Every structure is written in structure tokens, then in C-alpha cells.
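Student: One structure, as C-alpha cells, below. Some questions next.
In our numbering, the protein residues as written are 35 to 231.
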């Protein structure tokens with residue numbers, strides 16, 4: 035599987051940042067040795083407290099856009115697989131436990147959704163002509179991230195959508211996973227650990 039690093043940006047996750055960090059640490063496999071890099075534009079006491087509580091590394095870069103912050107975190111981590119938060123929705127802790135074996139497959143990237151969109155949701159997206167939807171997380175091989183040029187360092191929030199569009203345009207071995215496809219029931223609580231009953 036290689037090494038794994040989580041990258042979570044405070045501006046992307048907003049007030050739900052602690053839930054993201056708790057979910058990662060409660061997975062059962064993401065012990066304190068598994069690195070989490072929290073990127074942000076401004077340092078504050080809350081971030082310092084979260085770093086200590088969840089054994090995360092804070093990366094504060096005031097002059098950088100979101101794209102540049104994510105690229106810098108990827109460079110610093112040097113992990114084989116990067117699991118990057120792409121929006122506010124945290125994932126269930128059990129999902130991470132079930133996801134890790136998927137990192138041993140012949141893929142370049144995994145799009146990770148909490149649940150498979152219902153037919154009505156897919157139909158609505160089709161009619162709204164949404165070419166690309168942003169999943170909660172992506173797992174991507176470092177080599178593939180570098181090959182497609184990483185995130186656009188000139189872009190802030192649009193960097194995520196731009197990155198996904200380039201990912202789809204390349205011959206990426208891409209797989210989409212959801213909690214349901216990995217065996218979680220729809221609506222599983224976000225705070226349960228894989229060992230709870």
C-alpha cells in the first residue's frame with residue numbers, strides 16, 4: 035500500500051475541521067503515526083489545540099492560495115498516497131477502515147463519497163449539466179498528482195474543481211467509492227469507530 039498522509043484544509047472544512055480529524059483518528063488504522071497535515075491561511079489558538087489533540091501538523095501559509103497550500107502540503111508529506119478533503123462533509127470513521135485495502139489496487143486515484151447518489155440526485159445533476167461534482171475526499175497517488183501538475187497554485191476555491199476536471203481529462207485509472215460500496219449502510223453515523231457495536 036505504501037505510506038499514507040491526510041491533507042485537510044481549514045478553509046475547505048470550516049467549522050467541521052474537528053469532525054474530520056476525529057473521524058480519521060477513530061478509524062482504528064489511522065493511529066498517531068499516520069500523518070495529518072492541516073493547512074490554513076491564518077494561525078489561531080483553535081488550530082494549535084486541534085494539532086495537539088489529534089496529533090496533526092499545522093501548515094500556515096498566509097500568502098498562499100488554496101491550490102498552493104495543498105501543493106505545499108503534498109510536497110512536505112512525501113507519502114505515496116494523499117487523502118485530501120475536498121469539502122466540508124466529514125466521512126464516517128468506519129469508511130477509512132474499509133478504504134485502506136483499496137489503496138493496494140491498480141488505481142491512480144479514488145473519489146470517496148459518503149453515499150452513492152440516489153437516482154433522483156443523479157438525474158438532477160444531469161439536468162443541471164454539472165459535469166463534475168466534488169466528492170468529500172480524494173485519495174491520489176503522489177506520483178499521479180505530480181504527473182498532472184498538482185493543484186493550480188493561482189487558484190483559491192476553484193482549484194478543487196479545476197483539479198478534478200484535469201484528473202478526468204487525463205487517462206487516470208480512477209475509481210469512485212462510497213460508504214455503501216464498501217459495506218456501510220446509508221446514513222451510518224460519522225462518529226462511530228469500526229470496533230463499536
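For each residue, glycine too, the CB sits at the ideal point set by N, CA and C.
Values in this document were obtained by computation on a predicted structure and should not be read as measured data.
Pick from 205, 112, 121: whose alpha carbon is nearest that of residue 68?
Tutor: Nearest of 205, 112, 121 to residue 68, Cα basis: 112.
Student: Do residue 39 and residue 116 have their CB atoms nearer than 8 angstroms?
Tutor: yes
Student: Exposed or buried, what is residue 181 when buried is set at 16 or more other beta-carbons lying within 10 Å of its beta-carbon?
Tutor: exposed
Student: Is residue 163 helix, strand or coil by DSSP?
Tutor: For residue 163, the predicted structure reports a pLDDT of 46, less than 50, and the residue's modelled location is therefore unreliable. The matter cannot be settled from this model.
Student: Out of 121, 110, 126, which has the shortest C-alpha to C-alpha gap to residue 91?
Tutor: 110
Student: For residue 97, which beta-bridge partners are listed by DSSP?
Tutor: Residue pairing of residue 97 in beta bridges, as defined by DSSP: absent, with no partner found.
Student: List the whole-angstrom C-beta distance separating residue 43 from residue 104, where the pair is believed to meet the contact cut-off of C-beta under 8 angstroms.
Tutor: 7 angstroms
Student: Would you give the residue range spanned by the beta strand (DSSP E) that residue 82 belongs to?
Tutor: Looking at the DSSP string, residue 82 is not in any beta strand (DSSP E); the run it does join, the alpha helix (DSSP H), is 79-88.
Student: Less than 8 angstroms between the CB atoms is what I'm expecting for residue 108 and residue 179, so what's the real figure, rounded?
Tutor: 6 angstroms
Student: Cutting at 8 angstroms between CB atoms, please list the residues of its own chain near residue 77, excluding the five before and the five after it.
Tutor: 92, 94
Student: Comparing alpha-carbon positions, which option in 85, 75, 125, 87 lies nearest residue 101?
Tutor: 75
Student: Are the Cβ atoms of residue 52 and residue 125 separated by less than 8 angstroms?
Tutor: no
Student: Quickly, what does DSSP pair residue 147 with across the bridge? List them, please.
Tutor: DSSP output for residue 147 lists 212 as bridge partner(s).
Student: Assign residue 203 to one of two classes, buried (16 or more other C-beta atoms within 10 Å of its C-beta) or exposed (fewer than that).
Tutor: Using a 10 angstroms sphere on the CB of residue 203, the tally of other CB atoms stays under 16, which defines it as exposed.
Student: Look up residue 43 in the DSSP assignment and give the residues it is bridged to.
Tutor: 73
Student: Going by Cα to Cα distance, which pick from 175, 36, 81 is closest to residue 49?
Tutor: Closest option to residue 49, judged by alpha-carbon separation, among 175, 36, 81: 81.
Student: Considering residue 53, what are the terminal residues of the alpha helix (DSSP H) in which it resides?
Tutor: 51-59
Student: Considering residue 177, what are the terminal residues of the alpha helix (DSSP H) in which it resides?
Tutor: Per DSSP, residue 177 belongs to the alpha helix (DSSP H) from 176-181.
Student: For the candidate residues 136, 96, 172, whose alpha-carbon lies nearest to that of residue 198?
Tutor: 172
Student: Along the alpha helix (DSSP H) that carries residue 68, what are the first and last residues, could you check?
Tutor: Per DSSP, residue 68 belongs to no alpha helix (DSSP H) and is neither H nor E.
Student: Mind checking who residue 92 pairs with in its DSSP beta bridge?
Tutor: 72
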